[in-house]
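I have placed the structure first, in the form of structure tokens, so that the comments after it can refer back to it.
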Amino acid sequence: MLSIVIPTLNEGGNIGATIDALKKGGIKCRYDIIVADGGSSDATIEEARARGADIIESEPGRGVQLAAGGRHAKCTWLLFLHADTELAAGWYDEVEAFMQDEGNYRHAAAFSFLLDDDSPAANVLEGIVNLRTRILALPYGDQGLLLSRAFYRDLHGYAHLDIMEDVEIIRRIGRKRLHIFKSCAVTSADKYRRDGYLFRPLKNILCLVLYFLGLSPRLIAKIYR
């Protein structure tokens with residue numbers, strides 16, 4: 001009933017914990033885990049396969065890999081999740097309630113945002129992101145995306161973009177059809193610790209503004225990295 005799609009590229013240090021957290025969530029329905037790998041040279045595939053995931057090979061690029069995983073998925077519902085993101089305990093209860101409501105077959109949902117960092121800077125950023133999510137209906141890809149396979153296909157799936165594939169599909173879904181779970185997606189804070197809790201969010205905002213102004217996602221990707 002639920003296909004969980006995870007794009008990977010050299011995520012050997014993360015994918016095991018991500019899949020383990022999914023299984024600890026108490027999934028009661030039939031499910032499968034699809035890892036869409038973009039050519040990993042580390043232990044990503046071995047770690048995922050050891051945990052029962054189906055592996056499909058894809059060209060690299062998050063949008064391309066998400067789209068490949070979506071095409072491969074056969075279950076009624078799809079959950080797209082980043083490889084460095086763990087869903088908090090109890091996540092499945094909210095997901096199950098959402099899936100059982102027939103009114104949600106043409107709606108989507110994302111999780112609340114949480115970092116694996118308890119620092120004051122991380123807490124401030126979490127508050128800002130969750131406020132943005134609810135006011136602007138623009139969750140990060142780190143927050144996952146749940147929707148029915150029928151709705152996903154009607155939307156024509158993820159665009160093959162180098163970056164902003166998450167924003168692009170959310171815009172097509174529309175704010176009135178997006179629900180935000182109270183349960184959290186706990187994502188890695190590595191890029192914030194590396195680049196700084198001020199500089200990285202400012203760069204994210206810049207990239208978002210450039211995207212809305214029509215700059216090519218390929219050029220935005222160079223700025224983002």
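Quick note on numbering: our numbering labels position 83 of the sequence shown as 83, and the sequence is numbered without any gaps. Ideal Cβ placement from N, Cα and C applies to all residues, glycine included.
Short Cβ contact (7 Å threshold) for Ser-183 with Cys-75: no
Val-186 burial status per 10 Å Cβ neighbour count (16 or more: buried): buried
Bridge partners - Val-35, DSSP secondary structure assignment: Ile-6, Ile-55
Neighbourhood of Gly-38 by C-beta distance below 6 Å, restricted to the same chain and skipping five residues each side: Leu-9, Ser-58, Pro-60, Gln-65
Proximity below 7 Å, CB of Ala-21 to CB of Leu-87: yes
Nearest to Pro-217 (by Cα), restricted to the options Pro-139, Thr-85, Leu-161: Leu-161
Local Cβ density within 10 Å of Phe-199, reported as buried at 16 or more and exposed below that: exposed
Cutoff 6 Å; reference Ala-276; Cβ partners in own chain excluding five residues on either side: The requested residue 276 does not occur in the structure, where the chain is confined to residues 1 to 225.
Close Cβ partners of Gly-16 (< 6 Å) along its chain, the five nearest in sequence each way excluded: Glu-47
Residue from Asp-118, Ala-189, Ile-173, Asn-123 with nearest C-alpha to Asp-142: Ala-189
Ranges of the alpha helix (DSSP H) found wholly within the region 140–222, counting only runs of at least 4: 149–154, 165–173, 190–195, 199–212
Three-state secondary structure (DSSP) of Glu-86: strand
Beta-carbon gap between Tyr-224 and Ile-163 smaller than 7 Å: yes
Top-ranked residue by Cα proximity to Leu-114, from Asn-104, Gly-174, Ala-89: Ala-89
Alpha-carbon spacing of Gly-174 relative to Leu-213, whole angstroms: 19 Å
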